[in-house]
Every structure is written in structure tokens, then in C-alpha cells.
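Shown next, in C-alpha cells, is the structure this report addresses.
Number of protein chains: 2
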Amino acid sequence: LAGRVNCQHGKNNVPRLKLSYKEMLESNNIINFNGLVNSSSYHTFLLDEERSRLYVGAKDHIFSFNLVNIKEYQKIVWPVSHSRRDECKWAGKDILRECANFIKVLKAYNQTHLYACGTGAFHPVCAYIEVGSHPEDNIFKMEDAHFENGRGKSPYDPKLLTASLLVDGELYSGTAADFMGRDFAIFRTLGHHHPIRTEQHDSRWLNDPRFVSAHLIPESDNPEDDKIYFFFRENAIDGEHTGKATHARIGQICKNDFGGHRSLVNKWTTFLKARLICSVPGPNGIDTHFDELQDVFLMNSKDPKNPIVYGVFTTSSNIFKGSAVCTYSMTDVRRVFLGPYAHRDGPNYQWVPYQGRVPYPRPGTCPSKTFGGFDSTKDLPDEVITFARSHPAMYNPVFPINNRPIMIKTDVDYQFTQIVVDRVDAEDGQYDVMFIGTDIGTVLKVVSIPKETWHELEEVLLEEMTVFREPTVISAMKISTKQQQLYIGSVTGVSQLPLHRCDVYGKACAECCLA
Amino acid sequence: LAGRVNCQHGKNNVPRLKLSYKEMLESNNIINFNGLVNSSSYHTFLLDEERSRLYVGAKDHIFSFNLVNIKEYQKIVWPVSHSRRDECKWAGKDILRECANFIKVLKAYNQTHLYACGTGAFHPVCAYIEVGSHPEDNIFKMEDAHFENGRGKSPYDPKLLTASLLVDGELYSGTAADFMGRDFAIFRTLGHHHPIRTEQHDSRWLNDPRFVSAHLIPESDNPEDDKIYFFFRENAIDGEHTGKATHARIGQICKNDFGGHRSLVNKWTTFLKARLICSVPGPNGIDTHFDELQDVFLMNSKDPKNPIVYGVFTTSSNIFKGSAVCTYSMTDVRRVFLGPYAHRDGPNYQWVPYQGRVPYPRPGTCPSKTFGGFDSTKDLPDEVITFARSHPAMYNPVFPINNRPIMIKTDVDYQFTQIVVDRVDAEDGQYDVMFIGTDIGTVLKVVSIPKETWHELEEVLLEEMTVFREPTVISAMKISTKQQQLYIGSVTGVSQLPLHRCDVYGKACAECCLA
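As they're listed, the protein sequences go chains A and B. Per the numbering used here, the first sequence starts with residue -12, numbered consecutively. Per the numbering used here, the second sequence starts with residue -12, numbered consecutively.
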């Protein structure tokens, strides 16, 4: 790789190129949608490469942007009724910031429709959006006759975070299902089956979680083993940490989980969670932790079972502000889920690895004909259900690849909020280029360069670009590899950038990525 | 207070006055002793206001500096023998940095003598230093005929920290008593009684402690209640914290503790310890902790039972470096020692406040005729000894005054190491002026100014002075209120500064301290 020496110069703190918003505009490197007067909160992104659209859920609106140029868009206005808004106001909520329909869920439902849910002024509601069978149909309209209750799909409170996934007509959603925002759960709704959720009123399962994202990752070539993974942060369980603390988590459920028969009825029987560690080792054995998981990006590899998980974390301290990116392998995640369960004998006990006999089939395993012979979670023996109910957490945490962050950023006046990653083929190999959004409306472009061996990577901060006129928290990011464009959302609007400006330069990565 | 507005400007980060080493020399604000070629490590200070001397223990030397001008000094050369040095070398130690006599203990023994102990090339040794009955005697010589074993007084390894106190001919010393530096304990040696120490091989008592300082603080007007307090940092006890962590501690023992009769024979029966918290509350309930206690200064008030404890702390992280000053009241310390003991039923249990019956007399209480009727710790009932042995730690921590640091410093390239405090009478009241030494050879002069009420203080950083030619860790500081001078030690030498330059200015604190 040419320019390696220069790369090391740019290491960690000083970007090779720093572009103000004005410079971005002047160099034609940015296209902006500056928001509508009666809307805001452009936070919920759905990318549709086939139709070449970016769908965006916002306050009282859903947009369909042309991926080539987001200045070209269609919109659906979806406000709440006057009576609904008044009810919300009477409940003591803020008219402008709370008593509107903030779109929190926007997913592809089938070949012709999207599924969208909003807070509905503290009364969640869902609807189907017709987008047509073919890109050229150019259809974008709401099925007005068919609204659905949004409880367990969208939160009531627009401030709460939600993570959702729609697969085979079923919606998996990590959200709060009550007006007060206390009953957090991972739900499965829609479809023909009875809704399923996590156990209620049990802080061992979920402890004030803030959901970040949800993904389906196959476990084997047999679709029966498919698992849904939720990424979230939550309060450390009582006795797990002295004082209050946040832990980052990965949670799993089986796609074919239909709940228990006598116990855990309509509750997940295969839910397990593990802590995600993102920390820097200290010379004295005392590690510096980044526990506030902010965003997750899955970089697919050739093997769909083993994407690389990129996580963006910040510190929990208000005195020491810092951010880090850690990567995880699914092999490590699966090893932890196959390891010891966290166990304690009572409230005054410590959490220890469970040493006793684990019932068969091992809780967390998906029912499958090929393996174990249990067709459905409803057939699971009672002792499996009982064990699963009281052992939702794994004892071992998942450590990052190489046991440390691939990037940390401290002593700056911003923190990371979002990440997407682009894999670039260069003459001398593949490079992962990270685009990291911050809470001050900037995007960092960072490349991992192998350092001596391919196992050790060095991060080079290539560019720091201001992508919004005013400093604002970047709350959504999508990458279109087809269009080679990046889309960025915030409270105020949506911005679009080219990923690279390689055409100007040569072909090799040194000349391209480092441009 | 005049200049209040300006004070607020100087808050936290920017000093009102920054003086380089050159400026300090040019303005005649500093006197230096730049060390001897064959010595170093000017770390062990003993102030003698009566004789107007500063005694300093260093490598192979003990110095007696004139407090008025440290350029005028006497010295005692106290090296190790060749055979001792060779033995040390054969044991694999470094000739220059380890195989010498590093003076670690230097205390007033009686009206005519000091007591000094050094590492003696990994073979601790002590001696008496004659200083004469009267200041004008001008005597400073070692009693060569009378060496004593230094085990349990000075550590073997010069890198280890030691805290000691000599009262009534008895030496209290927190140190390591073995070659390997593993057997840490608080000892009482010298005097006519059998030596006493903390329980051995019990991490509940001491867990790899690094001792900071020792003080006698009376508990009542009855000297039988006198207690010795040790300040140290140590590893958090197993189960007290997830992962490795350091906790700051205050430990107590009774001066009249002579150990148990059947159990804890020649061990402290009144040892108790509590955690010292120095943390900043976070908006999310997650506090930022400063756990690495570096130094302690006791500011005496009218009531000798209730000095204000100033503690200097740094962070345990190597990524986020910061320092803080917290103050503690002895009333809070005593309340914690009278509160619940930390208890757990077994290794897999959590630490909980002990709820059962506490035996009488309450462990930690000093034997006293006036109270309880036990003349000696040897008369204590077996159940008291048994309880004391297994409950050395208190459940509640000691929180700082106002529940937060009076000063924190982050985002700078240095950390605090030492503190002394001067109480200044000004026209508008009393002010505490802190002199804080750093690990880069600078001294910060900081004043606490009441903010609205006297209960809330605001810190103003007045001066930042470089007191050593080269950046070096400040490892010792003493204040002479009589001479109104500050003495500072490091590896390379000793420096002397005037506390204030008030004579130039007016009388009121605003004009003086803020000069």
C-alpha cells in the first residue's frame, strides 16, 4: 500500500482532510434535504436498492427519496387526528415534541408493500404503504383503510429507542409496550401466530433496555436454526456491578420459537443474552470500558452465517467522554451462548457460572428435526422451560476481535453515534472503510489498514466532513453500495454523500480510499 | 471578596498566572537543591519547625536543610556495605536503582533523636540520628553503634510505598515485610511491647495495599481512645467489583491495641477499614470515580478530634487521565466505622451489611476504663475477636463532603501527586489555599472560595508554577506555616518556595491569595 507512512501520520486524531459544511457544498460533495417546516426527526431509514429508493420515517411523514438524488422525493403525510392530539395534550405531553406521529418502524413487508408504525401521539399505530411491484410503477401511498394497533411495535414515547426486523410477514420489535415507557420487551407480532414476548417484570431478562438494532443471522444451512439477534444496552443486573452501570448486550431468539406449553406461554423460550465488552486493557489490569452501545453494523462476508459485527460505543461517564469501535465475530458470540449460564442461588449471592446439569435440549437451541428431534418449543420438556426462564443471561461476555477496540477517540468535543462500513476492493486487497456519524453532525471516514499482519489493524482517519448546516446528532445512516452513496439522517433533515471520489484518482486503494 | 468575578473566570482550567522554571528563578521565587551526584530520590520528608530544619531521606543519604534557605544543609552518608550490595546484585536486582539504601522512614523519636529506616539494598535497616536538645546545638549525626533490623518498618523494594508514624517510642508502619514484596501489613514495632501486625494471608484485611499516610487522631479527650488512621489504596476485594479495580481506603487501629489473647495473638484486634469514595455524580446515575488515592493532608481545626481530611486521587484508567481533590470529615469517617460491617456468608455470596447481633464490646472500639470496662484488647471476649477477624471492612463507604470533589482536573497532560493546604486569615474570613504537586514537576496553587453559601465552594486555580528544571514526579511536599514556605521533593532534588507574596500586596485575601 502506497502512502503507508502518511497513513500513520494521520493516526487517531488528526484527519487528513477536514471539510466544513461550506466546503462540502462548494465541492459538490453533498446533497441536502433540509426538512419540512411541519416535520422533523428523520430517524427511521429503509433502503431499497431495487427500487432505488430511500424510505424515511419522520414526524407525521414518510418520505421516499430517489437514491440518485434525494432532492427528488415523494411523501405521505400521516398526522394524528385532532382528538388524538388533544388526548395526548391532556395527558400532560408536549404538543410539538410528543403529541405527533413519529414514525419508528419502516420495513419491507412483501413485494408490493411496506409496513410502518408510528407513536401516534402516545397511541402507537401501524399501516401498510403500497410501493408497487416494479420500480417503474412509481407508487407510494398509504392503505388508508387498513390501520393496525401499534402496541408492542412502536413505543408510545418518541424519545424511546426501538429496534425492529420484519421477516416472513412477522415483525420482531424491541420496544416499550406501555404509556409510561416501563414495560420493555422484545415482541413478535403480525403474521398468523399468537404474539410472543420476553418475560414480563423480570429484570434478569431485560433491565431498562435501550434497543439499538435487530438482525437475522442463520446458524446453519437449515433455516430451522435461524436466529434473530437484538443489540441493546441496559442497566447492569443487580449484583453484577457495584453502583449503577450500563452494559452492552447481544440477545438471541430462535425464529421458530412459539413459546412454551405450560410455562412461558407466548413468551420466548430460546431468549439468551450476553454482555458485549468493548474495553482497552490497562497496564495495571484495570480496563477502560466503553459500555454505551450506540449503533451496530453487520458487514456481510461470503458466509452469511458469519458477518463481522461492528459496534459503536461511548463511555458512561459525563466527565470522561470518549467513543470506540469494536468488532465481534459470530463464532465468539455463539461460543458464549454455548458456554456457562449466569446463575445465582439467591439475592445475596454472586453471579457464578452455572455448574449443574443443563437440561436437554440445551436452552437457546432452536427446535429442529435434524437435531434433537423437538419440532416446536411447545414440545420442550418442563425442566428446559423452567431453566430457560431463570437463566436468560450467559456468564461469559463476548470480547471484541483482538480483545480491544479497532478505534478509540477521546479528548474531542464529540461522540460517535452511527456507523456504516464499506468494503473496498483495491489492487492490494480488501479494505473496510468506516463511515462514523457523530453527535455534532460530522461524518468521519476511517480506513483499517493491516499493520504488519492482517490480524492487527491500524486505523487511519481520512476525512472529517460536516454534513449538516448546524451541529446536530446524526441518528441514522445507510450505505448504498449500488449507488456508492451514503445517506445520513438527523432531527433537521437528510444528507447524501458519495462514498469515495475514486474516479478522480487511480485504481489502487492507496490512491482511492486515501483520496 | 473583591475580584470574585475574575475568580470565576479562572475556574477549573486556566491558571491566572503560569510561571515557567526560568520565570520562577528570575523572580527569585524559588530556591533549589539540585541533588548530589551519588544520591537521588528525595522522597522522605520530616519537618522540624522548632529546630527550623527539613530532614530529607534520600538514596544513601539523610539531609538536614535549613528551613530559611535549603541551600544551607548538613548531610549524613549512609550507604550499604559492599558485601550487602553484591548480595543484592546476585539476587538479580539493579545496582543503581535497587541495591542502595533508600531512606523510607524518617521520624522524630524523642527530644534528641530521629529514627530512620532504609531499604538497605533489599535488607531493611534502621538507625538513630542525633539532632541535639536545642536548635543551636547544630548536631546531625548517626549513632553508628546502634543499628536495628528494619523488617516491618521499611520495605525491601524501594519502589514500594510506605506510610509510617512514630508515637511514644512506637513505630506504626504500613509496608511490605518480605523480599518478594507480597507480605503487606500494618506493623507496630519499637518500644517495649511485642510487635503487632495485621492478619497475614487474608485479602479481606489488606489486598495488595499501597500505603499513602498514617496519622494519630484522638477520638475523645481520653487518650485511651486515640486511634491511628492509615490511608491507602488497594485492590477491590473479590466480589466487591466486577473486573479488577482499585479502592481508596481509610483504616483504623487503636493505639492501645495489644492483640488478642487466644486468637489474633500479636495481631490488631481493632483494625477496621472503609472505602473512601471520590466521585462525580452522573446525570444517568453512573458516577465517575477517582479511586487511586495518591496523597492525604490533614488540615487541623480548633478541635484536634476533627481535622479536615484532604485527599488527592487520580483515575485508574490509562485512557482517561484525571485528578480530583476530595475532602472528608472525621464525623463521617466515625459514622461509617460505627455502621454495618461488610459481611458475606461464603465465596459465592455478595457482600451485604451485617444484620446479625454484633458482639460486645463492638469490634473497633478501643479498650477504655471509662467505657465498657475492658482494660486491654487481651481481655476481649473470644466472640469479639472471632468477629473482628472475619469482619475487617465496613459495608458503607465514606463519601466526601458535599458528595463530590472540591476540584477535578481532566484533559491535561499531568496528574496530581501531592497536596498540602494552608489556612489563610483574610479580612473577609478564612480561606484554604491548596498547593497541589503534579507528576510533571509543577505546583498548582488553588483557593476554595465560598459560592453563595459557605457550604458550597468554588475552586480557583491561581498559579501554576514549574518548580523543577526537568519534568519530574513530585513525590513529597511539606508546608512550614512558621516560615511561610513550601518544600517540594522529587527524584532529582528539593525545591523551596514562599507560600504567598502577600507582603507586596494588601492585607485582604482578595489582594493576597489571588495575587
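Where a beta carbon is used, it is the ideal one built from N, C-alpha and C, also for glycine. Quantities reported herein were computed from a predicted structural model and do not represent experimental measurements.
query	result
Report the three-state DSSP secondary structure of V1 of chain B (helix, strand or coil).	coil
Exposed or buried, what is G246 of chain B when buried is set at 16 or more other beta-carbons lying within 10 Å of its beta-carbon?	buried
Less than 6 Å between C-beta atoms, sequence neighbours within five positions excluded: which residues of the same chain meet that for K62 of chain B?	H48 and F50
Does chain A have any CB closer than 7 Å to the CB of I264 of chain B?	no
So that I know if they touch, is there some Cβ in chain A lying closer than 7 Å to that of Q402 of chain B?	no
Could you work out which residues of chain A lie near K231 of chain B, taking near to mean beta carbons separated by less than 7 Å?	G272 and I273
Is Y8 of chain A helix, strand or coil by DSSP?	helix
Can you list, in chain order, the residues of its chain with a C-beta nearer than 8 Å to that of K365 of chain B? Leave out the 5 residues immediately preceding and following it.	F245, G246, G247 and H248
Take A375 of chain A and list the residues in its own chain whose beta-carbon comes closer than 6 Å to its own, dropping the five residues that flank it on each side.	T256 and P350
Per the contact definition of three or more C-beta pairs closer than 8 Å, is the stretch 191 to 199 of chain B in contact with the stretch 266 to 274 of chain B?	no
If the cut is a Cβ gap below 7 Å, which residues of chain A does T397 of chain B touch?	I306 and F307
Please confirm if V339 of chain A has its CB atom under 7 Å from at least one CB of chain B.	yes
When you compare the CB positions of E186 of chain B and K260 of chain B, do they come within less than 7 Å of one another, or not?	no
Could you check the C-alpha separation between L(-12) of chain A and N390 of chain A for me, to the nearest Å?	Annotation note: pLDDT 29 at L(-12) of chain A (below 50); position unreliable, coordinate value reported separately. Approximately 26 Å, taken between the alpha carbons.
Who pairs with H330 of chain A in a beta bridge, going by DSSP?	A:V339
Enumerate in chain order the residues of its own chain whose CB-to-CB distance from A100 of chain B is below 8 Å, with the five nearest sequence positions on each side excluded.	Checking the sequence, you will find His at residue 100 of chain B rather than Ala. Within the same chain, H100 of chain B has close Cβ partners Y115, I116, E117, V118 and E130.
Below 8 Å on the Cβ atoms is my contact criterion, and I expect I395 of chain B with I423 of chain B to pass it. Report the Cβ-Cβ distance as a whole number of Å.	The pair is not a contact, with the Cβ atoms about 12 Å apart (cut-off 8 Å).
What are the partner residues of R456 of chain B, as DSSP defines its beta bridges?	The partner list for R456 of chain B (beta bridge, DSSP) is empty, contrary to what the question assumes.
Just the chain A side, please: which residues come within less than 9 Å of G269 of chain B by C-beta, in chain order?	K231, S303, S304, N305 and I306
Can you tell me which of the three DSSP states S14 of chain A falls into?	coil
Is the CB-CB distance between F174 of chain A and G139 of chain A below 7 Å?	yes
Can you say whether H181 of chain A is buried or exposed, counting buried as having 16 or more other CB atoms within 10 angstroms of its CB?	exposed
Please tell me whether V433 of chain B and D419 of chain B are closer than 7 Å, where the distance is taken between their beta carbons.	no
May I ask you to report which of helix, strand or coil DSSP gives E74 of chain B?	helix
Determine the burial state of E36 of chain B: buried for a count of at least 16 other Cβ atoms within 10 Å of its Cβ, exposed for fewer.	exposed
For N19 of chain A, count neighbouring C-beta atoms within 10 Å of its own C-beta (all shown protein chains included) and say buried if the count is 16 or more, exposed if not.	buried
Assign G137 of chain A to one of two classes, buried (16 or more other C-beta atoms within 10 Å of its C-beta) or exposed (fewer than that).	buried
Name the DSSP beta bridge partners of I224 of chain A, please?	Per DSSP, none; premise fails for I224 of chain A.
Per DSSP, what are the beta-bridge partners of E85 of chain A in this structure?	DSSP lists no partner for E85 of chain A.
DSSP beta-bridge partners for H234 of chain B?	B:E221
Under a Cβ-count criterion, where at least 16 other Cβ atoms within 10 Å of its own Cβ denotes burial, should R38 of chain B be classed as buried or exposed?	buried
Buried or exposed, going by whether 16 or more other CB atoms sit within 10 Å of the CB of V491 of chain A?	Bear in mind that a pLDDT of 47 at V491 of chain A, under 50, signals an unreliable position, so the number given afterwards is only what the model happens to contain. Per the 10 Å Cβ criterion, exposed.
Starting from I523 of chain B, follow its DSSP beta bridges and name the residues at the other end.	In the structure as shown, chain B begins at -12 and stops at 502. Residue 523 of chain B is therefore absent and cannot be evaluated.
With distances taken Cα to Cα, identify the nearest neighbour of D282 of chain A among A:F166, A:I215 and A:R236.	A:R236
How about S462 of chain A and H30 of chain A: do their beta carbons lie closer than 7 Å?	yes
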